[in-house]
Amino acid sequence: MIRPSAILLAALIAAAPLSQAVAQDRGPRGDRQQQQDDRPRVSVGEAVQRASSGRQGRFLGASNRGDTIVVRWEYPGGRVADIMVDARTGRVVGER
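Using mature numbering (1 follows the signal peptide of the UniProt record, and there is no 0), the letters of the sequence shown map in sequence onto residues -23 to -1, 1 to 73.
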């Protein structure tokens, strides 16, 4: 069984090259402000880390849905929940 910390580390490593590519893709200063408003300010790995903070259980997966990053989490006992993280601020906004 893979430990949640190993999965979190893999998610952070996978997100790193993407953030570098986004930083290199920016155009002139005027374009940069508009692009920043359109793109998430929090990486998926960072959202997973914030969603898992203080929770027991294990990480199952994550998806970026526009302004929200959804982190799927399994609690001890088998209950599965979707934890919504605001992609701009990184704040946990809800759980289903």
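We put the beta carbon where it would ideally sit given N, CA and C, even for glycine. The structure displayed is predicted, hence computed values, not measured ones.
**Request:** Please state if the CB of D59 and the CB of G72 are separated by a distance shorter than 8 Å.
**Result:** On the sequence shown, residue 72 is found 95 positions in, with the first residue counted as 1. On the sequence shown, residue 59 is found 82 positions in, with the first residue counted as 1. It should be noted that the sequence gives Glu, not Gly, for residue 72. Yes, the pair counts as a contact, with Cβ atoms nearer than the cut-off.
**Prompt:** So what does residue 77 bridge to, in DSSP terms?
**Reply:** Past the boundaries of the shown model lies residue 77; the chain is included only from -23 to 73, so the question cannot be answered.
**Message:** Per the DSSP calculation, V21 is bridged to which residue(s)?
**Reply:** Position 44 of the sequence shown, counted from the start, is the residue given in the question as residue 21. V21 pairs with nothing; no bridge assigned.
**Within 8 Å, strictly: CB atoms of G55 and R27** = One-based indexing of the sequence shown puts residue 55 at position 78. One-based indexing of the sequence shown puts residue 27 at position 50. No, they are not a contact pair.
**Request:** Can you give me the Cβ contacts of G34 inside the same chain, cut-off strictly under 8 Å, excluding the 5 residues immediately before and after it?
**Result:** If you number the sequence shown from 1, residue 34 lands on position 57. Counting only Cβ-Cβ distances below 8 Å, and skipping sequence neighbours, we find P(-20), W50, E51, Y52, P53.
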